[in-house]
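K.L.:
Quick note: the sequence shown uses my numbering, first residue 1, plus one each step.
C-beta: ideal position from N, C-alpha, C; glycine also.
Just so we're clear, the structure is a prediction, and the values are computed from it rather than from any experiment.
Before we start, here is the structure in question, set down as structure tokens.
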Amino acid sequence: MTNELRISETNLIALAEEFLSSNGLNIAQSRSLARTLVEAQRDGSFSHGLQRLPGTLTTMSHPQFNRDADPQPHDLSVAAVQIDAQFGFSCLAAERGIEALVEKAHDVGLAMLAVNNGFHSTALWPLVERISNRGLVALSMNPTHAWVAPAGGNRGLLGTNPIAFAWPRRDKPPAVFDFATSAASRADIAMHRETGTEVPEEWGLDNQGKPSRDPAKILAGAMLPFGGHKGSAIALMIELLAGPLIGAFTSRESQSFDQGADAAPCHGELFLAFSPGVFGGAGALDHAETLFSGFYEQGARLPGDRRYRIRENSAREGIRVSSPLLDRIQVLMGAAI
Ligand code: NDP
Numbered sequence: 001m002t003n004e005l006r007i008s009e010t011n012l013i014a015l016a017e018e019f020l021s022s023n024g025l026n027i028a029q030s031r032s033l034a035r036t037l038v039e040a041q042r043d044g045s046f047s048h049g050l051q052r053l054p055g056t057l058t059t060m061s062h063p064q065f066n067r068d069a070d071p072q073p074h075d076l077s078v079a080a081v082q083i084d085a086q087f088g089f090s091c092l093a094a095e096r097g098i099e100a101l102v103e104k105a106h107d108v109g110l111a112m113l114a115v116n117n118g119f120h121s122t123a124l125w126p127l128v129e130r131i132s133n134r135g136l137v138a139l140s141m142n143p144t145h146a147w148v149a150p151a152g153g154n155r156g157l158l159g160t161n162p163i164a165f166a167w168p169r170r171d172k173p174p175a176v177f178d179f180a181t182s183a184a185s186r187a188d189i190a191m192h193r194e195t196g197t198e199v200p201e202e203w204g205l206d207n208q209g210k211p212s213r214d215p216a217k218i219l220a221g222a223m224l225p226f227g228g229h230k231g232s233a234i235a236l237m238i239e240l241l242a243g244p245l246i247g248a249f250t251s252r253e254s255q256s257f258d259q260g261a262d263a264a265p266c267h268g269e270l271f272l273a274f275s276p277g278v279f280g281g282a283g284a285l286d287h288a289e290t291l292f293s294g295f296y297e298q299g300a301r302l303p304g305d306r307r308y309r310i311r312e313n314s315a316r317e318g319i320r321v322s323s324p325l326l327d328r329i330q331v332l333m334g335a336a337i
């Protein structure tokens, strides 16, 4: 990144928190969202880092957005907990729900958390990583907006539907993957539009449902799932598990709810947590390490490794932030105060 500064994690969280609270978001939501965005920035997930901060103003302008949300978890059974984000940002509700989820998963072996009615545009890995840091295997998923055509279809119906998974490791951070089930992210396609470059044909369709390499036409038409019918089926599973199963919007319903406000998608999220000892006993984690070693033996890496390397660098040298972005954040903050 050219024209950048290095800033400590503490200072960046304070800046992001002040940005949000000076724009009327309550302290608990400001703190939770600031931390999640800064974690992404710290680990080099720049598309889901501080770059998202200016867009939070658009989301907060949605007529249903609740700046004062104070979500509280609600026990449904020994293994199920639900939390209503009350139309605020979803990450505070998820953070609060995760406390109950972790406790239940340790007690019962497997637990699920439904987060309903949250505006959401953050990466998923920070929260599955936090669950896994408590010794559990974690999965999380959510719908978005109906931008993606199912395999064989010709217009948007499914979301970009991200899924994240984390596996705990002894004395090491968890193995974590987190990606959208679309062939490319919307942000990547938009970047190609800005630079005027074509994209691979399998990324999307124009508004007539025909394959296109023109990023602008795809953004106005439909994206495609990764891996043809396989990605399409996984995206469908995510719609069902994080939609009807938990009494939440599908991507199409979430898009209608937006009413053209261009806010972050508002929907539900499903978290699952498993105790690795239930079937595998004390040896489950060591058994997994043998598999992980096989990756390194062939020169492959585990998902999450790149982020952890960047995290170490951020701790040593400060977190990279582009100066123009920082200027923009400060200007918007000045306007709010
Ligand atoms: P990518 O296609 O970039 O895949 C990222 C994942 O794959 C990471 O876990 C990454 O690990 C891993 N990975 C990448 N390359 C390798 C490799 N060579 N070997 C092993 N693992 C590898 O992700 P997307 O663009 O689809 O998604 C990016 C982010 O967007 C995600 O964090 C997702 O949560 C977010 N998103 C959020 C949405 C929302 O609703 N809030 C909607 C859609 C996406 P590593 O980080 O170590 O490189």
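Helix, strand or coil for A138 per DSSP?
P.N.:
Counting from 1 along the sequence shown, the entry for residue 138 is found at position 138. The answer is strand: DSSP assigns A138 an E or B state.
K.L.:
In whole angstroms, what is the alpha-carbon distance linking H229 and A80?
P.N.:
On the sequence shown, position 229 is the one that residue 229 refers to. On the sequence shown, position 80 is the one that residue 80 refers to. Distance between the alpha carbons of H229 and A80 is about 31 Å.
K.L.:
Who are the near neighbours of E317 in its chain, counting only those whose CB is closer than 7 Å to its CB and skipping five residues on each side?
P.N.:
On the sequence shown, position 317 is the one that residue 317 refers to. So the list reads R6, once near-sequence residues are dropped.
K.L.:
Would you say the beta carbon of V176 comes nearer than 7 Å to a heavy atom of ligand 1?
P.N.:
Counting from one through the sequence shown, the residue named residue 176 turns up at place 176. V176: yes, Cβ under 7 Å from ligand 1.
K.L.:
Using a beta-carbon distance below 8 Å, is Q86 in contact with chain C?
P.N.:
Any reference to chain C falls outside this structure, which holds one protein chain only.
K.L.:
Looking at the unbroken beta strand (DSSP E) that takes in F46, where does it start and where does it end?
P.N.:
Position 46 of the sequence shown, counted from the start, is the residue given in the question as residue 46. No beta strand (DSSP E) holds F46; DSSP gives it neither H nor E.
K.L.:
Check this for me: beta carbons of G147 and G135, under 8 Å apart or not?
P.N.:
Within the sequence shown, numbered from 1, the residue matching residue 147 stands at position 147. Within the sequence shown, numbered from 1, the residue matching residue 135 stands at position 135. Note that residue 147 is Trp in the sequence shown here, rather than Gly. Against a cut-off of 8 Å, the Cβ pair of G135 and W147 comes out as no contact.
K.L.:
What separation, rounded to the nearest whole angstrom, lies between the Cα atoms of L157 and D171?
P.N.:
The count along the sequence shown starts at 1 and reaches residue 157 at position 157. The count along the sequence shown starts at 1 and reaches residue 171 at position 171. Using only the alpha carbons, I get a separation of about 42 Å.
K.L.:
Give the DSSP-derived three-state secondary structure of Q29 in the structure shown.
P.N.:
Your numbering for residue 29 matches position 29 in the sequence shown. It is helical.
K.L.:
Do you know offhand how far L205's Cα is from F65's?
P.N.:
Position 205 of the sequence shown, counted from the first residue, corresponds to residue 205. Position 65 of the sequence shown, counted from the first residue, corresponds to residue 65. Answer to the nearest angstrom: the Cα atoms are 32 Å apart.
K.L.:
Could you name the residues of the same chain whose beta carbon sits closer than 6 Å to that of M223, not counting the 5 residues immediately before and after it, in chain order?
P.N.:
Walking along the sequence shown from the start, residue 223 turns up at place 223. Excluding sequence neighbours, M223 sits near W147, V148, S182 and G204.
K.L.:
With a cut-off of 8 Å, do at least 3 Cβ pairs link the stretch 241-253 to the stretch 32-47?
P.N.:
No, they do not touch.
K.L.:
Looking at the strands, I want to know which residues DSSP matches up with S322.
P.N.:
Indexing the sequence shown from 1 puts residue 322 at position 322. E4, per the DSSP bridge assignment.
K.L.:
As a quick exercise: from A105, G153, P143 and H120, pick the residue whose alpha carbon is nearest that of I131.
P.N.:
Translated into the one-based positions of the sequence shown, residue 131 becomes position 131. The shortest C-alpha separation from I131 is found at A105.
K.L.:
Can the beta-carbon of G268 be found closer than 8 Å to that of N142?
P.N.:
Along the sequence shown, one-based indexing puts residue 268 at 268. Along the sequence shown, one-based indexing puts residue 142 at 142. Yes, the Cβ-Cβ distance between G268 and N142 is below 8 Å.
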